[in-house]
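Q: Quick one: the structure is below, questions incoming.
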Amino acid sequence: MPKKICIVGASGKVGRYMIGHALDRGYEVVGVCREQSVDKLADVADRITIVPGPTDDRDVIARAVEGCDAVLVVLVPWGMKHYASGTAQAVLDLAPTDARLIFSCGWHITRDGQDVYSWKVRFLVGAMGRLAPIIRVVDLNDQVEAARRIFASDRRWTVVRGSDLEEGESQGLPVWSRHVGDPVLASNLTRRTDFALFMVAAVDDEELVHEAPAIVGRLTPSARAHARTEETA
Ligand SMILES: NC(=O)c1ccc[n+]([C@@H]2O[C@H](COP(=O)([O-])OP(=O)(O)OC[C@H]3O[C@@H](n4cnc5c(N)ncnc54)[C@H](OP(=O)(O)O)[C@@H]3O)[C@@H](O)[C@H]2O)c1
0 MPKKICIVGA
10 SGKVGRYMIG
20 HALDRGYEVV
30 GVCREQSVDK
40 LADVADRITI
50 VPGPTDDRDV
60 IARAVEGCDA
70 VLVVLVPWGM
80 KHYASGTAQA
90 VLDLAPTDAR
100 LIFSCGWHIT
110 RDGQDVYSWK
120 VRFLVGAMGR
130 LAPIIRVVDL
140 NDQVEAARRI
150 FASDRRWTVV
160 RGSDLEEGES
170 QGLPVWSRHV
180 GDPVLASNLT
190 RRTDFALFMV
200 AAVDDEELVH
210 EAPAIVGRLT
220 PSARAHARTE
230 ETA
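Numbered according to numbering that gives the first Met the number 0, the sequence shown spans residues 0 to 232.
Dropping the structure here:
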């Protein structure tokens, strides 16, 4: 029996890559996306089930996650109406009891406060936090609140923290570390398709349960340097 997985935020860039990787593995896929974005999934509409609607709508999520072995969520901090935390809460509350729950976010989310950030990340996150109440487009604080709720949950979660992203062919499964600032992550770049690959591979990786891996592309200079150090150790 193939695994059934739900992808919440299926029509975005990461979401579409996740659909591809999930179909490659023979999974049955349910995709949730906003009503106005259903057309973006036209090319896969005959191979997946699409549930249109806002991802923080509990009725939409309840329908979409029914019978799923895993729920993969693109956490996005859009708007000022608690979209990210509402989405995360709906999935935490409504996914089947034993389902693997895998959430995406950026390096700026910290689980234990032990991450060490560059001045650039600190500046950007600080500036976005200060501007958010004025421009009212994104609310990073709500993504932080979403992550806080996930970390506090006893569900079988993983929070995948992405570096800067770029398009391009796959380099294979990214490497990961527990803390931003660890040397292996220094290159701060991952192919978007590989971010999605990591999310999908996490479905079957028990070692990632209750982890918040920060990821980086496996062919980046810092990942290669780390691999060489491991080889010679
Ligand atoms: N971009 C980066 O450099 C970067 C870096 C690290 C981590 N990440 C993480 O990667 C994930 C997304 O990656 P991405 O940047 O490549 O974006 P993406 O995959 O294009 O995802 C954007 C998502 O946001 C939704 N969205 C767009 N506008 C919206 C609105 N006004 N209201 C509600 N939803 C809206 C999109 O849905 P529609 O299709 O309906 O528009 C889509 O599901 C996030 O978890 C992010 O934290 C991104």
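We put the CB at the ideal spot given by N, CA and C, even for glycine.
(1) Would you say serine 221 and alanine 185 are within 7 angstroms of each other, going by their C-beta atoms?
(2) What residue range does the alpha helix (DSSP H) around arginine 129 cover?
(3) Please classify lysine 80 as buried or exposed, where buried requires at least 16 other C-beta atoms within 10 Å of its C-beta.
(4) Measure the alpha-carbon distance for proline 132 versus glutamate 229 and round it to whole angstroms.
(5) Say the cut is 6 angstroms; is the CB of glycine 30 nearer than that to a heavy atom of ligand 1?
(6) Starting from the Cα of valine 31, find the closest Cα among Lys2, His20, Gln113 and Thr86 and give me that residue.
(7) Can you say whether lysine 3 is buried or exposed, counting buried as having 16 or more other CB atoms within 10 angstroms of its CB?
(8) Please list the terminal residues of the continuous beta strand (DSSP E) segment that includes glycine 8.
(9) Pairing CB atoms from the stretch 144-154 with CB atoms from the stretch 99-110, are three or more of them under 8 angstroms?
(10) Which partner residues does proline 51 have in the DSSP bridge list?
(11) In this structure, does DSSP put glutamate 230 in helix, strand or coil?
(12) For the beta strand (DSSP E) containing arginine 155, list its first residue and its last residue.
A: Here's the rundown:
(1) yes
(2) 118-134
(3) exposed
(4) 46 angstroms
(5) no
(6) Thr86
(7) buried
(8) Unbroken run through glycine 8: none, as it is neither H nor E.
(9) yes
(10) Cys32
(11) helix
(12) 155-161
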